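Student: For the first sequence, numbering that gives the first Met the number 0 gives the first residue as 0, with consecutive numbering after it. Every residue, glycine too, gets a C-beta built ideally from N, C-alpha and C. It should be emphasised that the depicted structure is a prediction, and the values quoted were computed from it without experimental measurement. Let me begin by handing over the structure; questions about it come next.
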Amino acid sequence: MRWSKYFIPTLKETPIGAEAVSHQLSLRAGLVHMLTSGVYSYLPLGLRVLRRIENIIREEMNAVGANELFLPCLHPLDLWKQTGRDKVLADVMITFLDKRKRPMCLGPTHEEVITNLVKDYVQSYRQLPVVLYQIQTKFRDELRTRFGIVRACEFIMKDAYSFDRDQIGLKKNYDLMYGAYKNVFQRCGLETVILEADSGAMGGDVSHEFMVPASIGEDLIVSCSACGYKEGAAEEKAKEKPCPKCKKKKLASQVAIELGHIFQLGTKYSQAQGALFIDEDGKQKPIIMGCYGIGVSRVIAAIIEKHNDDKGIIWPPQVAPFDVEILPIQGAEEDREIRNLTDRCDADLTAAGLEVLVDDREETAGRKFNDADLIGIPLRVTIGRRNLAEGKVEIKVRSTNEIVLVNKDQLAQKVLEMTKAACVTN
RNA sequence: CGGGGCGUAGCGCAGCUGGCUAGCGCGCAACGUUCGGGACGUUGAAGUCGACGGUUCGAAUCCGUCCGCCCCGACCA
0 MRWSKYFIPT LKETPIGAEA VSHQLSLRAG LVHMLTSGVY SYLPLGLRVL
50 RRIENIIREE MNAVGANELF LPCLHPLDLW KQTGRDKVLA DVMITFLDKR
100 KRPMCLGPTH EEVITNLVKD YVQSYRQLPV VLYQIQTKFR DELRTRFGIV
150 RACEFIMKDA YSFDRDQIGL KKNYDLMYGA YKNVFQRCGL ETVILEADSG
200 AMGGDVSHEF MVPASIGEDL IVSCSACGYK EGAAEEKAKE KPCPKCKKKK
250 LASQVAIELG HIFQLGTKYS QAQGALFIDE DGKQKPIIMG CYGIGVSRVI
300 AAIIEKHNDD KGIIWPPQVA PFDVEILPIQ GAEEDREIRN LTDRCDADLT
350 AAGLEVLVDD REETAGRKFN DADLIGIPLR VTIGRRNLAE GKVEIKVRST
400 NEIVLVNKDQ LAQKVLEMTK AACVTN
């Protein structure tokens with residue numbers, strides 16, 4: 000991909016109003032654009048990151064037997080009345096009357112819709128278990144948005160739902176999801192703290208939150224340095240208390256971003272909506288459900304929050320919008336060698352399956368270097384006269400600042416090696 | 001929804017105790033010189049000063065109302 004033909008509107012200065020690092024960098028690196036508070040467009044670079052994260056999620060979901068589908072955003076409010084959640088979620092639901100005067104809403108979540116769907120198709124225990132998921136836009140009319148895409152009114156979520164005939168089946172699927180979630184966040188370059196949590200408006204008994212401690216966040220984790228005890232605190236005061244487990248030390252607190260939440264729902268929705276099946280014993284029973292969410296757009300913010308320096312973003316290789324950026328430096332003279340080498344390297348790496356960005360803009364070297372640091376592609380190949388005079392090309396690792404000089408004939412091969420090594424390490 | 005901050009060109013800002021043609025930096029366009037860490041010169045384009053109302057001979061500037069954005073809190077799968 001040629002930068003000159005791609006839409007990467009980087010900003011030199013930090014836009015007013017952006018205080019969180021991830022918010023600043025997502026705007027400056029040309030990942031997202033704000034339409035209004037809590038409503039963001041994803042620009043080409045941001046969309047690439049989003050797609051890579053989505054694909055990691057898809058791989059992990061598919062690996063535990065979940066099937067992808069796609070549910071509507073537009074819901075009749077009557078459906079929500081069946082569970083009473085039209086009232087429970089009234090504060091965040093965007094509701095309106097359509098042209099036929101029917102009360103409608105934009106889906107803030109999809110338990111009702113998926114239960115309605117499964118109810119129509121599943122009648123027998125022989126059809127269970129079923130695990131379905133989607134990656135889709137959710138709408139929540141947040142009174143207070145926060146930190147750019149961390150808390151938005153329109154955001155992208157992966158939501159999965161499991162349907163089982165009994166508690167044992169639910170537990171099994173829940174554990175599978177738990178493991179899949181660990182993999183997803185690990186592959187995204189994030190270290191998560193997993194906590195048992197309240198089920199809140201979702202209902203159900205058991206639930207776990209996947210949190211990433213960061214310098215911003217809406218949740219508070221308190222932990223004990225003596226015994227490792229951790230919990231999510233509902234209030235600031237919790238940290239002043241001694242550890243409830245070992246009683247030795249006071250708890251230390253840390254804000255965190257909640258990226259995932261999984262729930263054992265039980266029969267709350269199936270009961271209310273009549274999603275029943277005939278079990279082996281001939282009796283009619285409500286399907287046992289679980290639900291599993293990941294704030295996909297929020298994952299982007301968390302990754303930036305954890306992977307940056309004063310110059311910009313440092314993408315973990317697995318989620319980077321491109322694998323390598325080639326940066327040819329324009330010489331005063333028309334330099335055919337630089338151009339040819341750039342084209343060849345681009346072609347070879349693309350053929351080998353890498354996503355390659357070539358900064359072919361007619362800009363000074365300094366500007367290209369700064370933009371490269373800002374958008375944070377893992378590897379940067381600089382092709383310029385200085386090193387080329389000795390037949391060498393420079394490869395720089397964004398995360399470590401390590402610089403490798405290679406023979407120009409071994410360039411593509413070396414980049415491939417380094418890319419592979421980086422992905423294995425992470 | 002309570003508290004605080006902000007709103008002037010695409011971006012970042014100055015001007016604001018009322019006064020002349022609204023300015024600076026970046027960016028943008030053209031030409032020339034540059035070219036390994038945000039180069040330089042010359043010329044140029046770009047503004048409902050967030051909106052509406054009021055005070056006044058005169059409002060970006062003072063007063064009122066509203067709108068928008070950000071932060072803290074409350075709230076929140």
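Please list the terminal residues of the continuous alpha helix (DSSP H) segment that includes G289.
Tutor: Boundaries around G289 are those of the beta strand (DSSP E), 287 to 294, since no alpha helix (DSSP H) includes it.
Student: Report the rounded CA-to-CA distance for G106 versus T94, giving the unit in angstroms.
Tutor: 9 Å
Student: Please name the residue, chosen from C290, L250, D174, that lies closest to Y268 on a Cα-to-Cα basis.
Tutor: C290
Student: Pick out the complete beta strand (DSSP E) segments inside the stretch 307 to 354, 3 residues or longer, and give them in chain order.
Tutor: 323 to 327
Student: Indicate the three-state DSSP secondary structure (helix, strand or coil) for P71 in the structure shown.
Tutor: coil
Student: Inspect the beta-carbon positions of E230 and E190 and report whether they are closer than 9 Å.
Tutor: The Cβ-Cβ distance between E230 and E190 does not fall below 9 Å.
Student: Measure the Cβ-Cβ separation of K182 and Y132 and say whether it is below 9 Å.
Tutor: Just to set this straight, residue 182 is Asn in the shown sequence, not Lys. Between N182 and Y132, the C-beta spacing is not below 9 Å.
Student: Determine the direct distance from the alpha carbon of W79 to that of G375, and round the result to whole angstroms.
Tutor: 44 Å
Student: Please give the ranges of any beta strand (DSSP E) in the stretch 59 to 111, keeping only runs that are unbroken, at least 3 residues long and fully inside the region.
Tutor: 73 to 75, 93 to 96, 102 to 105
Student: Kindly indicate which residue of M210, I215, K407 has the alpha-carbon position closest to the one of G292.
Tutor: M210
Student: Does the Cβ-Cβ distance between R384 and A371 come in under 9 Å?
Tutor: no
Student: Please report the Cβ distance between R1 and D359, rounded to the nearest whole angstrom; I am assuming they are in contact, meaning their Cβ atoms lie under 8 Å.
Tutor: The beta carbons of R1 and D359 sit about 5 Å from each other, so the pair counts as a contact at 8 Å.
Student: R27 to R186, Cα distance in whole Å?
Tutor: 25 Å
Student: Using DSSP bridges, identify the partner residues of I402.
Tutor: K395
Student: Please name the residue or residues paired with T191 in a DSSP beta bridge.
Tutor: None; T191 has no bridge partner.
Student: Among residues of its own chain, excluding the 5 on either side of G147, which ones have a beta-carbon nearer than 8 Å to its beta-carbon?
Tutor: The residues are A17, A19, S21, H22, S25, L26, V31, M33, Y39, A300.
Student: For Y228, which three-state DSSP category applies?
Tutor: coil
Student: Between A213 and D278, what straight-line distance do the alpha-carbon atoms span, to the nearest angstrom?
Tutor: 47 Å
Student: Straight-line CA distance for F368 to D309?
Tutor: 14 Å
Student: Using beta-carbon positions only, say whether K395 and K407 come within less than 9 Å of one another.
Tutor: no
Student: Leaving out the 5 sequence neighbours to the left and right, which residues in its chain are closer than 7 Å to L70 when beta-carbon positions are compared?
Tutor: H109, V112, I113, Q133, Q135
Student: Between the Cα of G273 and the Cα atoms of L46, R57, L88, Q122, which residue gives the shortest distance?
Tutor: Q122
Student: Apply the 10 Å Cβ neighbour rule to A319 and answer buried if 16 or more other Cβ atoms are within range, or exposed otherwise.
Tutor: buried
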